Structure formats: structure tokens, C-alpha cells
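Enquirer: Residue numbers (our numbering), protein chains in the order written: chain A, 1 to 112; chain B, 1001 to 1113. A virtual CB, placed ideally from N, CA and C, is assigned to each residue, including glycine. None of these values were measured; they are calculated from a predicted model.
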């Protein structure tokens, strides 16, 4: 069966520190991978998506970057966190528009 | 840009009540998603539908493509149904099978025992 793993679940980081969030998918090949963010009191917003290894599309300018070093691995990074980077980060995948999305359990990031 | 609006934003009901959450969107779509976000934040995909009605247990989702409107119903509601329910629609071109979603603001449902 297909599963998605996202870690860590909770993270508290000081301003200016680096960030690395990891998402891995099991049980499928060549998934479309997505990083979403949910700021406090706001809806989900797409940050990045990837249709293949090394292929990253960015939706909004920000202090974050994404990478896909392997088919089923998606990493969200920052060199220097800002207070405004706080939020709930979700990884998701699907295998085409005819199929639903599967979401990870999310990472709650607090930048202090 | 597809605008997605949900109503109500907050809904409190007693256990056993029939619940309806509405979602409207502005641009025609191929399919609409209903998601459930638990208090811990994790999101579960409930339905993806492009026409008519789908049912899963006590949950029923309907969509009217012509009216650009979808509803999520919960029959015999239970406190464990308390969560945020989010509708989402695709937006933009399909690029190699990937298409981004635009999300509604969510409806916070609280079912009291």
C-alpha cells in the first residue's frame, strides 16, 4: 500500500537557523510531490511541486527552497529562517489528475 | 484564479444532527476534493468527485458542476467528526500530470455530545 512519511512532527527553531524537512513516499513510482504551508488562521497554500527527480516548480517567492534528490523523496529547506516561516507544513503526493491526493501528517514549525 | 468559498466558517451541533457544509468555486473544474483536518493538523482526503454524489459511511459528498457548488453532508454526527473540513479545486494547467490545488478556508465543525 502507498504511504507517505513526513518528519519531524514538531519543530522549534530560532530565527536565522537552517531548516530541513523531509518527506518520503512508499508504494508508488514517479509520484507528483507537493509542499503546502498553512499559516496560522489561513488556508493551505502551495509552495513547491515536483513532477520528477530534480524538477522543482516554485509557486510563491519566499525564503524556502525544495529539492527532490530521489524519486520518492522531497525536501523543504531554508538557509536562514524568518519569523514569518512559522506554520504548518504538509507534504502531499498524487499520480495524476485522475487520482486523489494523499497528505502527510505535517510538521508544525515555530520560529522563535 | 479560482476563488473557493466555504460556508459556514464555524459550525457547532449536537451529536446525532445532520450536518451540511457548502463549497462554491468560481471557475469550472474537472474534480473537487473534500479533506478533513484533525486537531493535530493531519489531513485526510475524504472524497474526490467530478459529478453526482459519493458516499462513504456517514459522509456524503455532492457536486453540481453547472452551479459550481458542492456540499458535504454528515449523517448521525458524532463528536469524533469534530474537525476542519476543507474543499479544494484544481487550478492552472496540468503539467506532466501535476496540477495544484486551491483550498477553501475550511469549516470548523464541533459536535457536542
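What residue range is occupied by the uninterrupted beta strand (DSSP E) comprising residue 55 of chain A?
Expert: Note, residue 55 of chain A: beta strand (DSSP E), 55-58.
Enquirer: Taking residue 1034 of chain B as the reference, give the member of B/1091, B/1044 and B/1012 with the closest Cα.
Expert: Among B/1091, B/1044 and B/1012, the Cα nearest to that of residue 1034 of chain B is on B/1044.
Enquirer: Go through the region 1004-1069 of chain B residue by residue and report every complete run of the beta strand (DSSP E) that reaches 3 residues or more, in order.
Expert: Listed in chain order, the complete beta strand (DSSP E) runs (minimum 3 residues) inside the region 1004-1069 of chain B are 1004-1007, 1010-1014, 1019-1025, 1032-1037, 1043-1049, 1052-1056 and 1059-1064.
Enquirer: Is residue 51 of chain A close to chain B? Criterion is C-beta to C-beta, closer than 7 Å.
Expert: By this cut-off, residue 51 of chain A is an interface position.
Enquirer: Using the Cα positions of residue 89 of chain A and residue 7 of chain A, report the straight-line distance between them to the nearest angstrom.
Expert: Distance between the alpha carbons of residue 89 of chain A and residue 7 of chain A: 10 Å.
Enquirer: Closer than 7 Å, Cβ to any Cβ of chain A: which residues of the region 1024-1041 of chain B, in chain order?
Expert: Here the close residues are 1030, 1033 and 1041.
Enquirer: Starting from residue 43 of chain A, find everything on chain B with Cβ-Cβ shorter than 8 Å and list it in chain order.
Expert: Those within 8 Å of residue 43 of chain A in chain B are 1086, 1103, 1104, 1105 and 1106.
Enquirer: Can you find at least 3 beta carbon pairs, one from the region 1074-1094 of chain B and one from the region 18-30 of chain A, that sit closer than 8 Å?
Expert: With the cut-off at 8 Å, the region 1074-1094 of chain B and the region 18-30 of chain A do not touch.
Enquirer: Could you tell me which residues DSSP puts in a beta bridge with residue 52 of chain A?
Expert: Residue 52 of chain A is bridged to A/55.
Enquirer: By DSSP, does residue 105 of chain A sit in helix, in strand, or in coil?
Expert: Correct three-state label for residue 105 of chain A: coil.
Enquirer: Can you check which of these residues, A/92, A/65, A/53 and A/46, is closest to residue 81 of chain A by C-alpha distance?
Expert: Considering only alpha carbons, the answer is A/65.
Enquirer: What residue from B/1004, B/1071, B/1078 and B/1103 has the CA that sits closest to residue 1110 of chain B's CA?
Expert: Considering only alpha carbons, the answer is B/1078.
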